[in-house]
Structure formats: structure tokens, C-alpha cells
Amino acid sequence: MIRRILTTRFASNLDYTRRLIDGMSEEHANVLPADGMNSPRWIVGHLAQTADMVTLGWVFEAERSIDSWDAWFNGGTTSAALTAEQPSLAEAMVHLERLHASVSERVEASSPAWFEKSAPGIAPDAFRQRFPTIGNALAHTMLSHEMMHLGQLSAWRRVQGLPAV
Amino acid sequence: MDFDKEIKVLRFMQNYGDQLLEGIAAEDFCRQPVPGMNHPAWIIGHLATAADSHAGEAGGQPELHGWDKQFGFASELSSDLTDYPGKDELVKAWHDANDRFIDAVSSASPEVLAGPTRGPLGEMLPQVSDFLAFSLTAHTSLHLGQLSAWRRAVGMPRLF
Numbered sequence: 001m002i003r004r005i006l007t008t009r010f011a012s013n014l015d016y017t018r019r020l021i022d023g024m025s026e027e028h029a030n031v032l033p034a035d036g037m038n039s040p041r042w043i044v045g046h047l048a049q050t051a052d053m054v055t056l057g058w059v060f061e062a063e064r065s066i067d068s069w070d071a072w073f074n075g076g077t078t079s080a081a082l083t084a085e086q087p088s089l090a091e092a093m094v095h096l097e098r099l100h101a102s103v104s105e106r107v108e109a110s111s112p113a114w115f116e117k118s119a120p121g122i123a124p125d126a127f128r129q130r131f132p133t134i135g136n137a138l139a140h141t142m143l144s145h146e147m148m149h150l151g152q153l154s155a156w157r158r159v160q161g162l163p164a165v
Numbered sequence: 166m167d168f169d170k171e172i173k174v175l176r177f178m179q180n181y182g183d184q185l186l187e188g189i190a191a192e193d194f195c196r197q198p199v200p201g202m203n204h205p206a207w208i209i210g211h212l213a214t215a216a217d218s219h220a221g222e223a224g225g226q227p228e229l230h231g232w233d234k235q236f237g238f239a240s241e242l243s244s245d246l247t248d249y250p251g252k253d254e255l256v257k258a259w260h261d262a263n264d265r266f267i268d269a270v271s272s273a274s275p276e277v278l279a280g281p282t283r284g285p286l287g288e289m290l291p292q293v294s295d296f297l298a299f300s301l302t303a304h305t306s307l308h309l310g311q312l313s314a315w316r317r318a319v320g321m322p323r324l325f
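Those sequence lines, one after another, are chains A and B.
Using this note's numbering, read the first sequence as starting at 1 and increasing by one per residue.
Using this note's numbering, read the second sequence as starting at 166 and increasing by one per residue.
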């Protein structure tokens, strides 16, 4: 049950992301309607960076592939600090698609008992305390964390006058 | 069917929502810093209305009769505070509706969970169990993301 919910909802998040940024130019993806709001480029980059660092790195103990992105997309970084040197929206989306596939494959290959274990020691103590089991951790990182940031992207679209998705 | 992990997500996000709401003055609940943005009164009223309605889908008893007109999907926003319940009432209604939703999900029968999802979401979420998993893990998170963006747009600090 948990595997089905995780993978189907995770796939829906990715599909929703595609639709939210469909047709968006790189220039538009950097627009900040108000100080402090997250831009589409930062949001998609942050989702990819979280899938790499938290979901794959901390929970699956997998080797990371975009650890250099922490400097630009980890929690606490800002959209306003991104320059042309850093990954574009299109590049971030390519990595998000790739990392989603990697996470989903691992979830589907895991036994139900594995989801009841504690998160690995590589994860920070605060994360392990907040999410007592791997299943709890994945339910947050794969589902609610992604959807919360997609809600920010939804709000960004509205203030840009774009139609609802 | 065990929704324990999905219920924990909803509780986690409710706690996150409470943190987002701290520091938002009741007088600002209908403020729209940028035209078109959902304001806190609508977001919290919508989450309460949705949880109340989704409790009904799980076999529970909805209590927020008539709220759908003001807070249902695609309802029109008003910038007049007197058009909405106050902040405390909205937040309590949201918390109480989440409690009813969780109670209903926890005691839903296999027959209810295997039933077809009603309405337009039925195509994407064919069974009631699919719909409930979506509601527990995604719907609240999506709208709290909008509330997070609202906070940033009015100049409030990030939480994390």
C-alpha cells in the first residue's frame, strides 16, 4: 500500500510540475513578483536538490549526483542569488525527472518491512526525530514537501496572471 | 487499510500551517499583496471545507454546511473581512475538520475505500482510497505552499 501511494502520488507531483512550467521561458522563470518569493527556477532546482540530498542521500544512502547544487538550491538559499552560471529551469527539470525515476525505482524495489525501519544514521538527528520511520520520511519528502513548493509555484503563476493548471 | 503514514503527513502539515499562521494578524486575513493571490482567510476556510467534505467521502459526517459556496473550488475571493469568519474561528474549523477527517479515514470500511471516487478527480484517482491518500498528503500541502508564498509577498520572514 505505501509503495503504491508513494509512487503514484510522486508521479502526479512530477506531472503537475510539468504542467505548471509548460511553455515557460527561462527569463520568465526568474521573475520575482515580490521580494522573498521563490522563482520557478529555484523551486524546481530545490525539488531536484532535495530528491538528491534528502531522499536519495539520507534515506536510500545512495551516492549523490548533484551535490554542488546545495550551494544554490538547499533550504535557506534564495532565488535572488541565482545567476546565469547556475542551472537553468530546463536543466533543473531534466534532473528532477531523472531523480524522480531513480527514487521511484528504489521505492518499488523495497520490501514493506523496510519502510518501518528508522531512517539511516547518515540523516541528521533532527530529521530522524521528526520522521521516526523511513515511510514517514518518504511520505514527507516525496509527497508533502514537493506539493508545498508546487503550491508556491501555483501562487507565483496566479500573480503572473497565468491560468490555473 | 492503514493510512498511518499519510495521517502523520497531515498532522505534520497542520503543525507547519500553524507556524505559518503565527504572526499573521487577523486584520490581514483578506489582504492580497498581489492581485489574484489567494489570501489566508480563503486558504484556511478552503482547507477546512475540504477536510470536512473529504471526511464525508470516508464515511464520516460533514459539519460545515454551506461553507462550500464561500470556500469551495474556484469560489470568488472577497477582500472584505466581514465576509468571512474571523481568524480564530477559521483556524478552529480547520483543526476540527482535520480531526473529523482523520477519524473517518481511520475507521473507514474496506467497502467504502474500494468504492469509486465521485466527481472530476475520479479519472485520476479512481478509488476512494486513492482520493483519500491524495487529500491526506497533497491537498493541504499545496495550499500551505500558497500561504507560504503569501507570507513572502507581504514581507514576512521565511520559516526555514
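Ideal placement from N, C-alpha and C gives every residue a C-beta, glycine not left out.
By alpha-carbon positions, which one of the options ends up nearest to residue i?
| i | options | result |
| --- | --- | --- |
| A:MET1 | A:VAL107, A:ASP125, A:GLY121 | A:VAL107 |
| B:THR247 | B:ARG196, B:ILE172, B:HIS219 | B:ARG196 |
| A:PHE127 | A:TRP58, A:VAL44, A:MET37, A:PRO163 | A:TRP58 |
| A:ILE43 | A:ARG9, A:HIS95, A:SER118 | A:HIS95 |
| A:MET147 | A:LEU14, A:THR7, A:ARG3 | A:LEU14 |
| A:LEU56 | A:GLY151, A:ILE122, A:PRO132, A:SER144 | A:ILE122 |
| B:ALA216 | B:ASN180, B:LEU301, B:GLN184 | B:LEU301 |
| A:ARG9 | B:VAL319, B:ALA318, B:ARG317, B:HIS304 | B:HIS304 |
| A:HIS28 | A:ALA92, A:ARG157, A:PRO163 | A:ARG157 |
| B:GLY210 | B:VAL199, B:ALA258, B:GLN179 | B:ALA258 |
| B:GLN226 | B:ARG176, B:PHE236, B:ASN263, B:ASP193 | B:ASN263 |
| A:LEU32 | A:ARG18, A:ARG3, A:ALA92, A:ALA155 | A:ALA155 |
| A:ASP22 | A:VAL54, A:ASP67, A:LEU89, A:GLY76 | A:LEU89 |
| B:ASP169 | A:PHE115, A:HIS100, A:ALA101 | A:PHE115 |
| B:ARG316 | B:ASN180, B:PHE299, B:GLN184 | B:GLN184 |
| B:LEU286 | A:SER12, A:ALA51, A:TRP69, A:LEU6 | A:SER12 |
| B:LYS173 | A:GLY135, A:VAL54, A:LEU162 | A:GLY135 |
| B:LEU255 | B:PRO198, B:LEU212, B:LEU324 | B:LEU212 |
| B:GLU228 | B:THR282, B:PRO198, B:ARG265, B:PHE325 | B:ARG265 |
| B:LEU324 | B:GLY251, B:LYS234, B:GLY182 | B:GLY182 |
| B:LYS252 | B:VAL277, B:ALA298, B:ASP193 | B:ASP193 |
Using DSSP's beta-bridge definition, name the partner residues of residue i.
| i | result |
| --- | --- |
| A:PRO33 | DSSP lists no partner for A:PRO33. |
| B:GLN292 | B:PRO281 |
Taking residue i as the query, report the chain A residues whose CB atoms sit under 9 Å from its CB, ordered along the chain.
| i | result |
| --- | --- |
| B:TRP207 | Residues of chain A passing the Cβ test: none, with the nearest at roughly 12 Å. |
| B:SER240 | Within 9 Å Cβ-Cβ: nothing; B:SER240 doesn't reach chain A, min ~13 Å. |
| B:PHE236 | None at all; the shortest Cβ gap to chain A is about 16 Å. |
| B:SER274 | Neighbours of B:SER274 on chain A: none; closest Cβ ~16 Å, over 9 Å. |
Output, in chain order, the set of chain B residues within a Cβ distance shorter than 7 Å of residue i.
| i | result |
| --- | --- |
| A:VAL159 | VAL199, GLY201, MET202 |
| A:ARG9 | ALA298, PHE299, THR302, ALA303 |
| A:LEU96 | Chain B residues near A:LEU96: none, gap ~16 Å exceeds 7 Å. |
| A:SER110 | The premise fails here: A:SER110 is roughly 14 Å from chain B at the closest Cβ pair, so nothing lies under 7 Å. |
| A:ILE66 | The premise fails here: A:ILE66 is roughly 21 Å from chain B at the closest Cβ pair, so nothing lies under 7 Å. |
Anything in chain B within Cβ reach of residue i, meaning under 8 Å, just list it in chain order.
| i | result |
| --- | --- |
| A:ALA139 | LYS170, GLU171, LYS173, VAL174, THR302 |
| A:PRO33 | VAL199, ALA318 |
| A:LEU89 | Going along chain B, no residue has its Cβ under 8 Å from A:LEU89, so there is no contact; the nearest lies around 18 Å. |
| A:SER104 | Near A:SER104 there are no residues of chain B at all, since even the closest Cβ is about 16 Å away, more than 8 Å. |
| A:GLY135 | LYS170 |
| A:MET37 | ALA314, ARG317, ALA318 |
| A:ILE122 | Within chain B, no residue comes near A:ILE122; the closest Cβ sits about 20 Å away, beyond 8 Å. |
| A:GLY75 | PHE325 |
| A:LEU20 | What A:LEU20 touches in chain B: nothing, since even the nearest Cβ is about 11 Å away. |
| A:SER118 | Near A:SER118 there are no residues of chain B at all, since even the closest Cβ is about 14 Å away, more than 8 Å. |
So with CB distances below 8 Å, who are the chain A contacts of residue i?
| i | result |
| --- | --- |
| B:TRP315 | ALA155 |
If you measure from the CB of residue i, is any heavy atom of the ligand PLP nearer than 7 Å?
| i | result |
| --- | --- |
| B:ILE267 | Questions concerning the ligand PLP fall outside what the structure shown contains, since it holds no ligand whatsoever. |
Using a Cβ cut-off of 7 Å, pull out every chain A residue sitting near residue i, in sequence order please.
| i | result |
| --- | --- |
| B:LEU309 | MET148, GLY151 |
| B:ASP128 | The question about residue 128 of chain B has no answer here: the residues shown for chain B are numbered 166 through 325. |
| B:PHE194 | Going along chain A, no residue has its Cβ under 7 Å from B:PHE194, so there is no contact; the nearest lies around 16 Å. |
| B:PHE266 | Chain A residues near B:PHE266: none, gap ~15 Å exceeds 7 Å. |
| B:SER244 | Going along chain A, no residue has its Cβ under 7 Å from B:SER244, so there is no contact; the nearest lies around 15 Å. |
| B:SER271 | Those within 7 Å of B:SER271 in chain A number zero; the least Cβ separation is about 15 Å. |
Establish whether the CB of residue i and some CB of chain E are separated by less than 8 Å.
| i | result |
| --- | --- |
| A:SER25 | Of the protein chains in this structure, namely A and B, none is chain E. |
Show which residues of chain B have a CB atom less than 9 Å away from the CB atom of residue i.
| i | result |
| --- | --- |
| A:LEU99 | Under the 9 Å cutoff, chain B gives no residues; its nearest Cβ is about 19 Å from A:LEU99. |
| A:LEU56 | Correct list: empty, because the minimum Cβ distance to chain B is about 19 Å. |
| A:LEU82 | The premise fails here: A:LEU82 is roughly 16 Å from chain B at the closest Cβ pair, so nothing lies under 9 Å. |
Contact the region 307–317 of chain B vs the region 186–203 of chain B: 3+ CB pairs below 8 Å: Touching, yes, given that three or more Cβ pairs across the two stretches are closer than 8 Å.
Touch check for the region 264–271 of chain B and the region 134–142 of chain A: three-plus C-beta pairs under 8 Å? At 8 Å Cβ cutoff, the stretches do not touch.
Length at least 4, wholly inside the region 204–254 of chain B: the alpha helix (DSSP H) runs in chain order: Within the region 204–254 of chain B, the complete alpha helix (DSSP H) runs of at least 4 residues fall at 205–222, 232–236.
Would you check if there are 3 or more beta carbon pairs closer than 8 Å linking the region 281–296 of chain B to the region 239–254 of chain B? Fewer than three pairs of CB atoms, one per stretch, sit closer than 8 Å, so the region 281–296 of chain B makes no contact with the region 239–254 of chain B.
So does the region 81–101 of chain A actually touch the region 23–40 of chain A, counting three or more Cβ pairs closer than 8 Å? Counting C-beta pairs with one atom in each stretch, the region 81–101 of chain A and the region 23–40 of chain A have three or more that are closer than 8 Å, which means they touch.
Answer yes if the region 220–231 of chain B comes into contact with the region 179–196 of chain B, meaning at least three C-beta pairs across the two stretches below 8 Å, and no otherwise. Touching, no.
Threshold first: 4 residues or longer. Then list the alpha helix (DSSP H) segments lying entirely within the region 91–130 of chain A, N to C. List check, alpha helix (DSSP H) in window: 125–130.
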